[in-house]
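Chains as they are written, first to last, in my numbering: chain A, 1 to 205; chain B, 1 to 260.
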C-alpha cells in the first residue's frame, strides 16, 4: 500500500516540480490538473475534519466529565451543524447564517486577535528580564526599536531611527538571510526525500 | 524545453542535490556515520516526554498551520516526521499524546502516524482516536481550540513543530501559564523571536528539518543531513564569490543564477 502511495506521489509531484523550472505546455497542463485534484482532495478532507470534530465533541458530551467542557462541546456541535445545514440548504446569504457569522464568528476572531497584544506584553516582560548577555542585548535592541517607532523617541535623540534601521537591515537582515538559506535547503531536502521515497515516516512506517 | 528565467540553474542545482543525497545515502548505508553536533532542543523532546511520564499528565503536539499543498509544506512534513518519533516515545513510556490540527488534510496523516507508532511499540490498546483532533482551518478558532486543550487537559509539555503564524504566541504563552515544558521549532522567520522568548527549547530554521535525522538515526535522515551540509557549503561559496564579483562590476554569476 505504501509503495502505491509513493508511486502516486512521484507521478503527481514530478510534473508540478518540472513546471516550476520550465514552460512545457503538456507538463504545465498536467501540473495544473494535479493541483486542481489537490484542491478537490482538500475539500473531501474537510468532511473528515468535520466528522472528527463531531466524534470528539459527541464523546465529550456523553462522558459529562466536566460541566464547562460538556457545555462548550454542546455549543460547538449545535453551531457547527446549524451552519452546515443552513449553508448547504439555504445558501450563505441566509439571515441565520449571516447572523451567526456577524455576531459570533467575527467578534470571536477579533477578540482572539486582540488578545495577542496582551500576550506580546507578557512575553516581552519575560524576555526582557536581564538574566544573561543575550537577554541584555535583546533588551537594548528592543528598547532602541521601540523608541525609534514612537514620536517621542526621535524627539529624545534623532539617531534612534538611523540605529534602528541599521539593526534591522544589517544585524537582523544578515541573521534572517542565514536562517532562510538554511531552512530553504532543509525544506527542499525533506520534499525530495518524500518524493523519491527515502522518507516514509509520514506514511506511518 | 523552454526554461524560465533562472530555471536552468535551479534545475541543475536540484539534480546536484538529488545526486548528492543518493550518494550520501549509499555511504551511510555502507556504515559511514558523520559526527552530528548536539542541539539541546533534541534532548528537550525526550525531557518533555520523561517529565510527562513522571507527572502522569499528557503531552500536547501540533504540526502548525500550514497545509501539505502550500509552499511552506516542508515545515508541516518535518513536524509530522518528528511526530512519529514523539508518538513512539509516548507509547513506550505510557504517556497520553494529544495532537491538534488546523488543516483537515493533515488530520488523517497525523492519525495514521500516531496509530502506527503505538502499534509498532505494541501499545495499540493505548491509542485513542479522539486524542488526534481537528479544530478549524480558521486561525483563531484553531488557536482557541489548542489553548482549550492545554488548559483543559492539564498537559505537562507542549511541543510545536511546523509552520506557525500569529497564533504561535497564544500557544506558547498559554502553555507557559500552565507550567508546561515547551519545545518549539519553525522555519517561519517572523515567529522564531516569539518562540525564542517563550519556549524552553527552540529548533531554529534548518534545525527543524535536522530534528528528524537526529531523533531517528535512520540512514535516509542522516544522509539528508550530510547532503544539506554539502549543498550549504556550495551555496555559501556561490554567494561569497557572487558578492565579490558583483562588487568588482562582473555580473556573470548573478546573471547565471537569476537569468540562465
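All C-beta atoms, glycine included, are put in the ideal place defined by N, C-alpha and C. From a predicted model like this one, the values you see are computed outputs, not experimental measurements.
Q. Given that residue 107 (chain B) touches chain A, what residues does it touch there, using C-beta distances under 8 Å?
A. In chain order: 45, 48, 49 and 52.
Q: Would you mind telling me which residues of chain B sit closer than 8 Å to residue 116 (chain A), beta carbon to beta carbon, in chain order?
A: Within chain B, the residues placing a beta-carbon under 8 Å from that of residue 116 (chain A) are 166, 169 and 170, ordered along the chain.
Q. For residue 168 (chain B), does the three-state DSSP call read helix, strand or coil?
A. Here residue 168 (chain B) sits in helix by DSSP.
Q. Excluding the five sequence neighbours on either side, which residues of its own chain have a C-beta within less than 7 Å of the C-beta of residue 161 (chain A), listed in chain order?
A. Closer than 7 Å at Cβ, skipping near neighbours: 148 and 154.
Q: Determine, using beta carbons only, whether residue 52 (chain B) and residue 141 (chain B) come nearer to each other than 8 Å.
A: Contact: no.
**Q.** Separation of residue 127 (chain B) from residue 96 (chain B), as counted between CA atoms
**A.** Between residue 96 (chain B) and residue 127 (chain B), the C-alpha separation is close to 8 Å.
(Q) Quick check: what's the CA-CA separation for residue 192 (chain A) versus residue 46 (chain A)? (A) Looking at the two C-alpha atoms, the distance is approximately 27 Å.
**Q.** Residue-level contact to chain B via CB, residue 79 (chain A), 8 Å cutoff
**A.** Residue 79 (chain A) does not count as touching chain B.
Q: Could you check the C-alpha separation between residue 28 (chain A) and residue 162 (chain B) for me, to the nearest Å?
A: Residue 28 (chain A) and residue 162 (chain B) have their alpha carbons spaced roughly 29 Å apart.
Q: Leaving out five residues on either side along the sequence, give the residues of the same chain with a beta carbon under 7 Å from the beta carbon of residue 204 (chain B).
A: 192, listed in sequence order.
(Q) Quick check on residue 85 (chain B): buried or exposed, where buried means 16 or more other Cβ atoms within 10 Å of its Cβ? (A) Counting Cβ neighbours within 10 Å, residue 85 (chain B) comes out buried, since at least 16 surround it.
Q | Where the alpha helix (DSSP H) through residue 142 (chain A) begins and ends | A | Residue 142 (chain A) -> alpha helix (DSSP H) spans 133–148.
Q. So residue 34 (chain B) is in the beta strand (DSSP E); what residue range does that whole segment cover?
A. Counting along the chain, residue 34 (chain B) falls outside any beta strand (DSSP E), and DSSP gives it neither H nor E.
(Q) For residue 199 (chain B), which residues in the same chain have their Cβ closer than 7 Å to its Cβ, ignoring the five residues on either side in sequence? (A) Excluding sequence neighbours, residue 199 (chain B) sits near 172, 182, 183 and 184.
Q) Given a threshold of 16 other Cβ atoms within 10 Å of its Cβ, counted over all protein chains shown, does residue 26 (chain A) qualify as buried or as exposed? A) Per the 10 Å Cβ criterion, exposed.
Q) Can you name the start and end residues of the beta strand (DSSP E) that residue 184 (chain B) belongs to? A) From DSSP, the beta strand (DSSP E) with residue 184 (chain B) extends over 181–186.
(Q) Check for me: the alpha helix (DSSP H) holding residue 120 (chain B) runs from which residue to which? (A) First-last of the alpha helix (DSSP H) with residue 120 (chain B): 106–120.
Q.
Under 9 Å, CB to CB, which of the residues in the region 234–254 of chain B have a partner in chain A?
A. Residues passing the 9 Å Cβ filter: 235, 236 and 239.
Q. Opposite residue 64 (chain B) in the DSSP bridges: which residues?
A. Answer by DSSP bridge pairing, in chain order: B:163.
Q: Report the residue from B:227, B:256 and B:234 whose alpha carbon sits nearest the alpha carbon of residue 21 (chain B).
A: For residue 21 (chain B), the nearest C-alpha among the options comes from B:227.
Q: Report the three-state DSSP secondary structure of residue 209 (chain B) (helix, strand or coil).
A: Here residue 209 (chain B) carries a helix assignment [DSSP, helix/strand/coil].
Q | Any chain B beta carbon closer than 8 Å to residue 23 (chain A) | A | Chain B contact via Cβ: present.
Q. Candidates A:167, A:44, A:176 and A:194: which alpha carbon is nearest residue 138 (chain A)'s?
A. That would be A:167, whose Cα lies nearest to the Cα of residue 138 (chain A).
Q. Counting only runs that start and end within the region 88–113 of chain A, where is the alpha helix (DSSP H) found for 4 or more residues in a row?
A. Qualifying alpha helix (DSSP H) stretches, in chain order: 95–100.
(Q) Check whether chain B comes within 8 Å of residue 206 (chain A), counting only Cβ atoms and requiring the distance to be less than that. (A) No information on residue 206 (chain A) is available, as it lies outside the stretch 1 to 205 that chain A covers here.
Q) Looking at the C-beta of residue 220 (chain B), does it have a partner C-beta in chain A at a distance below 8 Å? A) Cβ-Cβ to chain A under 8 Å: yes for residue 220 (chain B).
**Q.** residue 100 (chain B), DSSP secondary structure in three states
**A.** Of the three classes helix, strand and coil, the one that applies to residue 100 (chain B) here is strand, per DSSP.
Q | residue 202 (chain B) - DSSP class collapsed to helix/strand/coil | A | The DSSP-derived three-state label of residue 202 (chain B) is strand.
**Q.** Cut-off 6 Å between Cβ atoms - residues of its own chain near residue 223 (chain B), not counting five sequence neighbours on either side
**A.** So the list reads 24, 25 and 28, once near-sequence residues are dropped.
Q.
Please report the straight-line C-alpha distance between residue 123 (chain B) and residue 35 (chain A), rounded to a whole angstrom.
A. Spanning the two alpha carbons is a distance of roughly 38 Å.
Q: List the residues of chain E that residue 56 (chain A) touches, going by C-beta distances under 7 Å, in chain order.
A: No chain E appears in the structure shown, which is made up of the protein chains A and B.
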